[in-house]
Amino acid sequence: MATEIRIPKLGFSMEVGTLAEWLVPDGADVTEGQEIYALENDKSTQEVESPATGKLKIIVSTTGEEYPVGELIGTIE
Amino acid sequence: MSDTQMADKDVLIDIFTRADLIMQSDIKFRKMIGAGQLQIVYYPVRGQEVVSSAMMAAVNQEDYLVTIYRGLHDQLAKGIPSKDLWAEFAGKMAGTCKGKGGPMHITHPETGVMVTTGIVGSGIPIANGLALASQLEKDGKVTVCCFGDGASNIGAFHEGLNMAQVWKLPVIFLCQNNLYSEHTPMAFATSSDTIKQRGEGLGMRSVRVNGNDASEMYAAAKEAVEYARAGNGPTLIEAMTFRFHGHLLGDTGHYIPEAEMEQALKDDPMPILRQQLLDIQVSEADIAAIEAKNKEIIDEAAQFALDAPYPPGDEYRIDVLDVEIAA
Numbered sequence: 530m531a532t533e534i535r536i537p538k539l540g541f542s543m544e545v546g547t548l549a550e551w552l553v554p555d556g557a558d559v560t561e562g563q564e565i566y567a568l569e570n571d572k573s574t575q576e577v578e579s580p581a582t583g584k585l586k587i588i589v590s591t592t593g594e595e596y597p598v599g600e601l602i603g604t605i606e
Numbered sequence: 047m048s049d050t051q052m053a054d055k056d057v058l059i060d061i062f063t064r065a066d067l068i069m070q071s072d073i074k075f076r077k078m079i080g081a082g083q084l085q086i087v088y089y090p091v092r093g094q095e096v097v098s099s100a101m102m103a104a105v106n107q108e109d110y111l112v113t114i115y116r117g118l119h120d121q122l123a124k125g126i127p128s129k130d131l132w133a134e135f136a137g138k139m140a141g142t143c144k145g146k147g148g149p150m151h152i153t154h155p156e157t158g159v160m161v162t163t164g165i166v167g168s169g170i171p172i173a174n175g176l177a178l179a180s181q182l183e184k185d186g187k188v189t190v191c192c193f194g195d196g197a198s199n200i201g202a203f204h205e206g207l208n209m210a211q212v213w214k215l216p217v218i219f220l221c222q223n224n225l226y227s228e229h230t231p232m233a234f235a236t237s238s239d240t241i242k243q244r245g246e247g248l249g250m251r252s253v254r255v256n257g258n259d260a261s262e263m264y265a266a267a268k269e270a271v272e273y274a275r276a277g278n279g280p281t282l283i284e285a286m287t288f289r290f291h292g293h294l295l296g297d298t299g300h301y302i303p304e305a306e307m308e309q310a311l312k313d314d315p316m317p318i319l320r321q322q323l324l325d326i327q328v329s330e331a332d333i334a335a336i337e338a339k340n341k342e343i344i345d346e347a348a349q350f351a352l353d354a355p356y357p358p359g360d361e362y363r364i365d366v367l368d369v370e371i372a373a
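Written as structure tokens, this is what we have:
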């Protein structure tokens with residue numbers, strides 16, 4: 530079963546996050562805990578870890594854009 | 047601190063079972079929130095598992111707990127069923143408060159979790175009220191009130207502890223001192239060297255223990271519970287501990303010096319307790335079975351929470367006042 534990667538809520542009042550950069554390419558094999566993308570919110574930029582081990586499928590590839598918390602941006606299969 | 051006798055084998059297994067459930071739950075929450083699968087504000091508890099597990103192992107299910115929003119460890123240690131808790135964290139109808147309390151307000155009287163508050167220090171007067179009721183009704187219950195080091199700078203702490211001592215209420219004030227109040231190091235904003243001193247200043251029986259040591263923490267907890275049940279009054283326990291993650295998920299904890307964090311991680315109470323079990327001849331297979339069972343409970347609870355429905359819209363009229371508000 531694929532594990533979803535959605536824009537996380539990482540602050541008390543965070544409602545949107547900017548997908549700054551994918552740190553691994555589409556289709557790459559990633560391991561759980563590996564940093565896979567950088568997320569910007571109003572306070573900071575942080576690297577977000579992969580929730581699972583498997584093949585990364587990037588759904589949203591446009592970086593530098595704001596997305597709402599909960600937006601599906603990729604999956605791990 | 048180090049001359050405490052090792053707790054009995056059964057007690058240590060009990061504490062480990064609770065603490066492992068907490069640790070695995072915390073990891074799973076952080077993973078699911080990090081992946082955006084749950085969109086909630088979360089206050090990590092990794093590092094503080096043993097404090098509450100040892101405390102709650104010393105009380106009964108009927109005894110009361112009042113805790114604060116970094117409370118997952120206290121709530122699970124007290125015995126809230128994981129499914130009910132996860133559903134409430136996710137804001138679902140099947141949760142302990144029908145999804146209307148959320149992670150900041152976990153309440154489950156069936157297991158004695160009377161209230162979780164969202165304001166630092168605000169649980170102390172509430173705990174006094176519960177303990178006063180027990181004293182008047184002579185029901186033999188004790189109330190455990192959990193808070194952090196930062197709460198001891200709040201007026202309610204000083205007023206509440208004073209009153210509890212004057213009335214000799216059956217309450218245990220468990221200060222889980224993780225050395226940081228939100229993003230502020232204790233020494234920066236706290237005038238006394240210890241929280242224990244503050245209890246002593248109010249004439250209260252006060253102890254300071256290594257909360258990350260299961261046997262030492264359990265001994266202090268048991269003694270305080272017996273003292274309260276015998277009608278002698280409250281105890282302040284200052285339990286030294288540490289939190290391994292930021293104040294809330296998304297806070298990277300950059301204000302914690304690297305060396306301090308490194309040392310704290312070396313003193314991680316979980317592998318230490320696990321090793322203690324092995325040392326007293328609990329088999330690796332038995333420990334692994336506890337961990338596997340906890341994982342199963344958590345996986346099931348997490349899936350249940352994801353699948354469960356949100357409360358319907360008209361729920362806003364119910365549980366607010368004693369009577370249902372008209373539509």
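Chains as they are written, first to last, in the numbering used here: chain U, 530 to 606; chain A, 47 to 373. C-beta: ideal position from N, C-alpha, C; glycine also.
- Scanning its chain for C-beta atoms nearer than 8 Å, with the 5 sequence neighbours on each side dropped, one finds around residue 539/U the residues 546, 568, 570, 575, in chain order.
- Residue-level contact check: residue 79/A touches chain U, since one or more beta carbons of chain U fall below 7 Å from its beta carbon.
- Within the stretch 201-263 of chain A, the alpha helix (DSSP H) runs of at least 4 residues that lie entirely inside it are, in chain order, 201-212, 232-235, 242-247.
- The stretch 93-107 of chain A makes no contact with the stretch 129-136 of chain A; the number of CB pairs closer than 8 Å stays below 3.
- At a Cβ-Cβ threshold of 7 Å, residue 210/A and residue 112/A do not count as neighbours.
- At a cut-off of 7 Å between beta-carbon atoms, residue 85/A makes contact with chain U.
- In this structure, the beta-carbon distance from residue 245/A to residue 215/A does not fall below 7 Å.
- DSSP places residue 344/A in the uninterrupted alpha helix (DSSP H) bounded by 330-353.
- Residue pairing by DSSP puts residue 161/A in a beta bridge opposite 112/A.
- DSSP places residue 271/A within a helical segment (H, G or I) once states are collapsed to three.
- Put simply, the CB of residue 137/A is far from chain U, with every gap to its CB atoms at 7 Å or more.
- Contact of residue 296/A with chain U is assigned, a C-beta pair being separated by under 7 Å.
- Residue contact with chain A for residue 545/U: absent (no Cβ-Cβ distance below 7 Å to any residue of chain A).
- Taking CB atoms only, residue 538/U has a neighbour in chain A less than 7 Å away.
- Per DSSP, the continuous beta strand (DSSP E) segment holding residue 535/U begins and ends at 532-535.
- In this structure, residue 232/A keeps its C-beta atom at 7 Å or more from the C-beta atom of residue 257/A.
- Between residue 560/U and residue 586/U, the C-beta gap is not smaller than 7 Å, which leaves the two residues out of contact.
- Cβ neighbours of residue 196/A within its own chain (closer than 6 Å, five residues either side excluded): 166, 227.
- For the stretch 586-606 of chain U, the set of residues with a beta-carbon nearer than 7 Å to any beta-carbon of chain A comprises 598, 599, in chain order.
- The way I'd put it, the stretch 101-111 of chain A doesn't touch the stretch 71-85 of chain A; fewer than three beta-carbon pairs between them come closer than 8 Å.
- Taking 7 Å as the cut-off, the Cβ atoms of residue 63/A and residue 262/A do not count as close.
- Bounds of the alpha helix (DSSP H) holding residue 96/A are 95-102.
- When secondary structure is reduced to three states using DSSP, residue 176/A falls in the helix class.
- Here DSSP, grouped into helix, strand and coil, assigns residue 373/A to coil.
- Each residue's CA atom was taken as its position, placing residue 342/A and residue 67/A some 10 Å apart.
- With contacts defined by Cβ atoms closer than 7 Å, residue 602/U and residue 588/U form a contacting pair.
- Around the beta carbon of residue 327/A, fewer than 16 other beta carbons sit within 10 angstroms, so the residue counts as exposed.
- No Cβ of chain A is located within less than 7 Å of the beta carbon of residue 554/U.
- At least one beta carbon of chain U lies nearer than 7 Å to the beta carbon of residue 82/A.
- Chain order gives the chain A residues near residue 533/U as 81, 82, 83, where near means a beta carbon separation below 8 Å.
- Between residue 284/A and residue 254/A, the C-beta gap is smaller than 7 Å, which places the two residues in contact.
- Chain order gives the chain A residues near residue 578/U as 80, where near means a beta carbon separation below 7 Å.
- DSSP, reduced to helix, strand and coil, places residue 122/A within a helical segment of the structure shown.
- Boundaries for residue 187/A: no alpha helix (DSSP H) harbours it, and the DSSP string shows neither H nor E there.
- C-alpha of residue 363/A to C-alpha of residue 344/A: approximately 32 Å in a straight line.
- In the three-state DSSP reduction, residue 365/A falls in the coil class, being neither helix nor strand.
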